[in-house]
Amino acid sequence: DAGVTQSPTHLIKTRGQQVTLRCSPKSGHDTVSWYQQALGQGPQFIFQYYEEEERQRGNFPDRFSGHQFPNYSSELNVNALLLGDSALYLCASSYTGQGRYSNQPQHFGDGTRLSIL
Amino acid sequence: ELKVEQNPLFLSMQEGKNYTIYCNYSTTSDRLYWYRQDPGKSLESLFVLLSNGAVKQEGRLMASLDTKARLSTLHITAAVHDLSATYFCAVSNTGNQFYFGTGTSLTVIP
Chain A
2 DAGVTQSPTH LIKTRGQQVT LRCSPKSGHD TVSWYQQALG QGPQFIFQYY
52 EEEERQRGNF PDRFSGHQFP NYSSELNVNA LLLGDSALYL CASSYTGQGR
102 YSNQPQHFGD GTRLSIL
Chain B
207 ELKVEQNPLF LSMQEGKNYT IYCNYSTTSD RLYWYRQDPG KSLESLFVLL
257 SNGAVKQEGR LMASLDTKAR LSTLHITAAV HDLSATYFCA VSNTGNQFYF
307 GTGTSLTVIP
């Protein structure tokens, strides 16, 4: 049973460029959340997708956008990259189903390490 | 915005000793999670605490939740080297958004 998978594992970009990160949720999960984890910090919530819509958003600028596909996989897009966007980007999945919220823990992927030069 | 604070941030302890990591959060929540992260790796779920007074134990780790005090503790008993990692607590609001603490970096010394 595959867990949460993310690609690529590492990425190097320069300031001003755009990047797309990808995530496939754990089998049976329908909700995907994205987090940014700077070095030495805890993960910071970016946004969450459920039923192909952004359900909740953290305190991140509009340069951060996302998408969820009918197969529940998701993409995170970041435009006009800044040096401060260098971080580990984590995708987490969970199951919501017909209920509004879940008490289950989120399952995390191994992350994408993004470095901005 | 819900804030989560952990202390200590860094913990160095000898094998065989006991210690407690504390997690305080700023607003009402009845869902608290503990995660472990090894260097360069992702987060692994340890405990889910869903009600006041909840206590969960797994091996040398025991987690508890006091929702009235907005406090959770992670107690380590007779530490071993394999427990060296960074431990995060996370609180979830009704929107399923997870707020993480800054983490406690634990090093167990032989």
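Chains A and B are the protein sequences, given in the same order. Residue numbering for the first sequence follows this note's numbering, starting at 2 and increasing by one per position. Residue numbering for the second sequence follows this note's numbering, starting at 207 and increasing by one per position. Cβ coordinates follow ideal geometry from the N, Cα and C atoms, glycine included.
Check the Cβ of B:Lys247 against every Cβ in chain A and list those closer than 8 Å, keeping chain order.
Within chain A, Asp111 have C-beta atoms less than 8 Å from the C-beta of B:Lys247, given in sequence order.
Chain A beta carbons: is any one of them nearer than 8 Å to that of B:Ser270?
Not a single CB atom of chain A sits nearer than 8 Å to the CB of B:Ser270.
Alpha carbon to alpha carbon, what distance is there between B:Thr226 and B:Ser298?
Our two residues, B:Ser298 and B:Thr226, have alpha carbons roughly 22 Å apart in a direct line.
Which of helix, strand or coil DSSP assigns to A:Gly41:
DSSP, read as helix, strand or coil, puts A:Gly41 in coil.
Tell me the residue span of the beta strand (DSSP E) that contains B:Phe304.
Run containing B:Phe304: 304 to 306, per the beta strand (DSSP E) assignment.
From B:Gly307, B:Ile315, B:Thr313, residue whose alpha carbon lies closest to that of B:Tyr228
Comparing Cα positions, the closest option is B:Gly307.
Under 9 Å by beta carbon: chain A residues contacting B:Tyr239
Those within 9 Å of B:Tyr239 in chain A are Pro106, Gln107.
Given A:Ala88, which residues of its chain have a CB within under 7 Å of its CB, disregarding the five upstream and five downstream residues?
Taken in chain order, the residues that qualify are Gln37, Gln38, Ala39, Leu115.
So, at 7 Å on beta carbons, what are the nonlocal neighbours of A:Pro9 in its own chain, with the 5 sequence-adjacent residues on each side left out?
When the five nearest sequence neighbours on each side are left out, the beta carbons in the same chain lying within less than 7 Å of the beta carbon of A:Pro9 are those of Thr113, in order along the chain.
Members of the region 39 to 50 of chain A near chain B, C-beta cut-off 7 Å
Within the region 39 to 50 of chain A, the qualifying residues are Gln42, Gly43, Pro44, Phe46, Gln49.
Taking any Cβ of chain B, which residues in the region 56 to 83 of chain A have a Cβ under 8 Å from it, in chain order?
Cβ contacts with chain B come from Arg56, Gln57, Gly59, Asn60.
Please work out which residues of its chain come closer than 8 Å, Cβ to Cβ, to A:Tyr96, disregarding the five sequence neighbours upstream and downstream, and give them in chain order.
Non-local beta-carbon contacts of A:Tyr96 in its own chain, meaning distances under 8 Å to residues more than five positions away in sequence, involve Gly29, His30, Asp31, Thr32, Ser103, Gln105 in chain order.
Since A:Leu22 meets chain B, which of its residues come closer than 9 Å, beta carbon to beta carbon?
Near A:Leu22 there are no residues of chain B at all, since even the closest Cβ is about 14 Å away, more than 9 Å.
Measuring CB atoms only, is the region 7 to 25 of chain A touching the region 76 to 85 of chain A, in the sense that at least three cross pairs come out at less than 8 Å?
Touching, yes.
Any beta strand (DSSP E) of 3 or more consecutive residues that is wholly inside the region 23 to 99 of chain A
Taking only runs of at least 3 residues, the beta strand (DSSP E) segments lying wholly in the region 23 to 99 of chain A are 32 to 38, 45 to 51, 54 to 58, 65 to 69, 75 to 79, 88 to 95.
Should A:Leu91 be flagged as near chain B, meaning a C-beta pair shorter than 8 Å?
A:Leu91 counts as touching chain B.
With a threshold of 7 Å on Cβ separation, who are the neighbours of B:Ser218 within its own chain once the five nearest residues in sequence on each side are excluded?
Excluding positions up to five away in sequence, the list reads Thr313, Ile315.
Verify the CB distance criterion: does B:Gly259 have a CB-CB separation below 8 Å to chain A?
False, the Cβ-Cβ gap to chain A never drops below 8 Å.
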